[in-house]
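Engineer: Below are the structure tokens for one structure; questions will follow.
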Amino acid sequence: MTVYFLMYLFPFFLAFKRVSSLAENQKFNLTWLIVGVIYSLLIGYRHEVGGDWYNYIRILNRANVLTFNEVLSHGDPGYYLLNMLLGSWDFHIYAVNLVCGAIFMMGLITFARRQPNPWLAIAVAVPYIIVVMAMGYTRQAVALGFVFLGLVSLEKSEFKKFIIMIALAVTFHKSAVLLIGLGMFLQGNGKFIRFFAVVIVGFAAWSAFVADYQQQLWNVYVTEQMQSQGAVIRVTMNFLPSLLFFVLRKQWKKEFKDYSFWAMLALGSIISFFFVNFASTAVDRIALYFTPIQVIVYARLPYMLRTKYSEKVTTSAILVVYLMVLYVWLNYAVHSRFWVPYNNLIFN
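So for the sequence shown, this note's numbering puts the first residue at 23; every next one is plus one.
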């Protein structure tokens, strides 16, 4: 468990460092590069860590015997193509995980560095988004990395780049297609054109990657009532910051210019909370893409409450809560045995 707590404690202490401006966050910083490399290595070179470890090895072996056309016709062609390429060069699962971890960390760090407290954003991401998701759900983690990059593009009003990032996310996990609709809530002119672009791209992505599997997905996740242990807790972790988002909506609109699409993500998180008992696994999978609401709300909360409470006090409260989340999950979660003890190819 030591590695997991060290991953948390590093941004924990740096979260108290005052950042003077967004421009300062965007400057080249060797610390960010080092963190990105180290965390990517911890994600990529992990050994027998994560509940789907052997499933991903089977995917690598299967991709090695598929033709190029068969790979492209698969539901998650981006991930299968990566496995086929690295497998053909005699690389092992560690290389696949390293590339996926690097993409994920690039997205997360790019997103975090646009927040008032970027290290607090990273700290909030460690217990679940990095430790559980990036080290357990490789395909979804890569998709989320592209989603983070897409959300940054939305904030910068770069609609085309947003579409590209979400399209790349869909090639690694088809469920990411649901986020294509966020493009309609971009601020500025051309909303009519963007609406049709989102509809066309969304329909194309659905037809290419999801349509052939929709009945199978419905049967598995809804008809057969496939259940995910811990889904209620994970959905609740998105639900609470979503409530805070709407409570602070007036100040959010005043301080930031990205209210509309974050409102959709927060609303989706709240709806997920009320539907999780109906189809826990389906809602749980979708809610993975709502986890950025935790990062964005808590990274901005000390800044928004600065006139009422000390930023250090608010930051401390958030950090303590997420430290408890990490401790409880590692010690008491049903599936934590697949993460503990942590092993890494480098250490061995």
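Glycine is no exception: its CB is placed at the ideal position from the N, C-alpha and C atoms.
(1) Taking 8 angstroms as the cut-off, does the region 130–142 touch the region 85–96 (at least 3 CB pairs, one atom from each stretch)?
(2) Would you report the Cα separation of valine 169 and alanine 191, rounded to the nearest angstrom?
(3) For arginine 68, name the three-state secondary structure that DSSP assigns.
(4) According to DSSP, simplified to helix, strand and coil, what is tyrosine 243?
(5) Applying the criterion that 16 or more other CB atoms from any shown protein chain within 10 Å of the CB defines a buried residue, is valine 317 buried or exposed?
(6) Following the continuous alpha helix (DSSP H) through glutamate 333, name the residue where it begins and the one where it ends.
(7) Nearest to serine 294 by alpha carbon, out of Leu94, Thr313, Lys276?
(8) Given this structure, state the Cα-to-Cα distance separating leucine 120 from tyrosine 311, to the nearest angstrom.
(9) To which residues of the same chain is alanine 147 closer than 7 angstroms at the C-beta, ignoring the five residues directly before and after it?
(10) Per DSSP, what are the beta-bridge partners of asparagine 366 in this structure?
(11) Does DSSP put leucine 327 in a helix, in a strand, or in coil?
(12) Return helix, strand or coil for tyrosine 102, following the three-state DSSP convention.
(13) At what residues does the alpha helix (DSSP H) containing glutamine 273 begin and finish?
(14) In the DSSP assignment, find the alpha helix (DSSP H) that holds serine 282 and state where it starts and stops.
(15) How far does the alpha helix (DSSP H) with leucine 36 in it reach, from first residue to last?
(16) Please go through the same chain and pick out, in chain order, the residues whose beta-carbon is closer than 7 angstroms to the beta-carbon of phenylalanine 369, but skip the five residues on each side of it.
(17) Count the C-beta pairs between the region 89–108 and the region 169–182 that are closer than 8 angstroms, then say yes if the count reaches three, no if not.
(18) With DSSP collapsed to three states, give me the class of serine 110.
(19) In whole angstroms, what separates the C-alpha of leucine 323 from that of aspartate 306?
(20) Taking leucine 367 and methionine 286 to be in contact with their CB atoms under 8 angstroms, please state how far apart those CB atoms are, rounded to whole angstroms.
(21) Would the region 337–353 count as touching the region 176–195 if we require 3 or more Cβ pairs under 8 angstroms?
(22) Could you give the first and the last residue of the continuous alpha helix (DSSP H) run that contains methionine 187?
(23) For the putative contact between leucine 82 and glycine 123, defined by C-beta atoms under 8 angstroms, what is the C-beta separation to the nearest angstrom?
(24) For arginine 161, which residues of its own chain have a beta-carbon under 7 angstroms away from its beta-carbon, when the five flanking residues on both sides are left out?
(25) Should the region 323–333 be regarded as contacting the region 261–274, the criterion being three or more beta carbon pairs within less than 8 angstroms?
(26) Can you tell me whether serine 4 is buried or exposed, with buried defined as 16 or more other CB within 10 angstroms of its CB?
(27) Span of the alpha helix (DSSP H) holding valine 154?
(28) Tell me whether the beta-carbon of tyrosine 344 lies closer than 8 angstroms to the beta-carbon of proline 33.
(29) Counting along the chain, where does the alpha helix (DSSP H) carrying tyrosine 11 start and finish?
(30) On the three-state DSSP scale, how would you describe tryptophan 75?
(31) Please report the residue range of the alpha helix (DSSP H) in which alanine 145 lies.
(32) Contact defined as beta carbons within less than 8 angstroms: I believe leucine 341 pairs with alanine 37. What is the distance between those atoms, to the nearest angstrom?
(33) What distance in whole Å lies between the Cβ atoms of leucine 176 and phenylalanine 126, which are believed to be in contact at a cut-off of 8 angstroms?
(34) Within its chain, find whatever has a CB closer than 8 angstroms to the CB of threonine 132; leave out the 5 residues flanking it on each side and keep chain order.
Structural biologist: Based on what the coordinates show:
(1) Contact between the region 85–96 and the region 130–142 is absent, because fewer than three Cβ pairs lie under 8 angstroms.
(2) Their backbone Cα atoms lie some 7 angstroms apart in a straight line.
(3) Of the three classes helix, strand and coil, the one that applies to arginine 68 here is strand, per DSSP.
(4) Note that tyrosine 243 has pLDDT 47, beneath the 50 cutoff, so the model's placement of it is unreliable and the number below is only indicative. In the structure shown, tyrosine 243 falls within a helical segment according to DSSP collapsed to helix, strand and coil.
(5) Its Cβ being crowded by 16 or more others within 10 Å, valine 317 is buried.
(6) Glutamate 333 -> alpha helix (DSSP H) spans 333–354.
(7) The shortest Cα separation from serine 294 among Leu94, Thr313, Lys276 belongs to Thr313.
(8) Using only the alpha carbons, I get a separation of about 21 angstroms.
(9) Once the five neighbours on either side are set aside, the close Cβ partners of alanine 147 are Leu130, Val317.
(10) Asparagine 366 is bridged to Arg68.
(11) If DSSP states are grouped into helix, strand and coil, leucine 327 belongs with coil.
(12) Residue state, collapsed to three classes: helix.
(13) First-last of the alpha helix (DSSP H) with glutamine 273: 271–277.
(14) Bounds of the alpha helix (DSSP H) holding serine 282 are 281–297.
(15) From DSSP, the alpha helix (DSSP H) with leucine 36 extends over 24–36.
(16) Counting only Cβ-Cβ distances below 7 angstroms, and skipping sequence neighbours, we find nothing.
(17) These segments do not touch.
(18) If DSSP states are grouped into helix, strand and coil, serine 110 belongs with the helices.
(19) Taking the straight line joining both Cα atoms gives about 25 angstroms.
(20) Wrong, their Cβ atoms sit about 40 angstroms apart, outside the cutoff.
(21) Counting Cβ pairs under 8 angstroms, fewer than three are found: no touch.
(22) From DSSP, the alpha helix (DSSP H) with methionine 187 extends over 181–194.
(23) Taking C-beta atoms under 8 angstroms as the contact rule, leucine 82 and glycine 123 fail to qualify, at a distance of about 15 angstroms.
(24) Closer than 7 angstroms at Cβ, skipping near neighbours: Asp98, Tyr101, Phe194, His195.
(25) The region 323–333 vs the region 261–274: in contact.
(26) In this structure the chain extends from 23 to 370, so residue 4 is not present and cannot be described.
(27) In this chain, valine 154 is not harboured by any alpha helix (DSSP H), its DSSP state being neither H nor E.
(28) The Cβ atoms of tyrosine 344 and proline 33 lie no closer than 8 angstroms to each other.
(29) This structure cannot settle anything about residue 11, because the visible part of the chain is limited to 23 through 370.
(30) Secondary structure at tryptophan 75: helix, using DSSP grouped into helix, strand and coil.
(31) Residues 140–147.
(32) Approximately 6 angstroms separates the beta-carbon atoms of leucine 341 and alanine 37; this is inside 8 angstroms, confirming the contact.
(33) With a contact defined as Cβ atoms closer than 8 angstroms, phenylalanine 126 and leucine 176 miss out at about 19 angstroms.
(34) Answer for threonine 132: Phe170, Leu171, Val174, listed in chain order.
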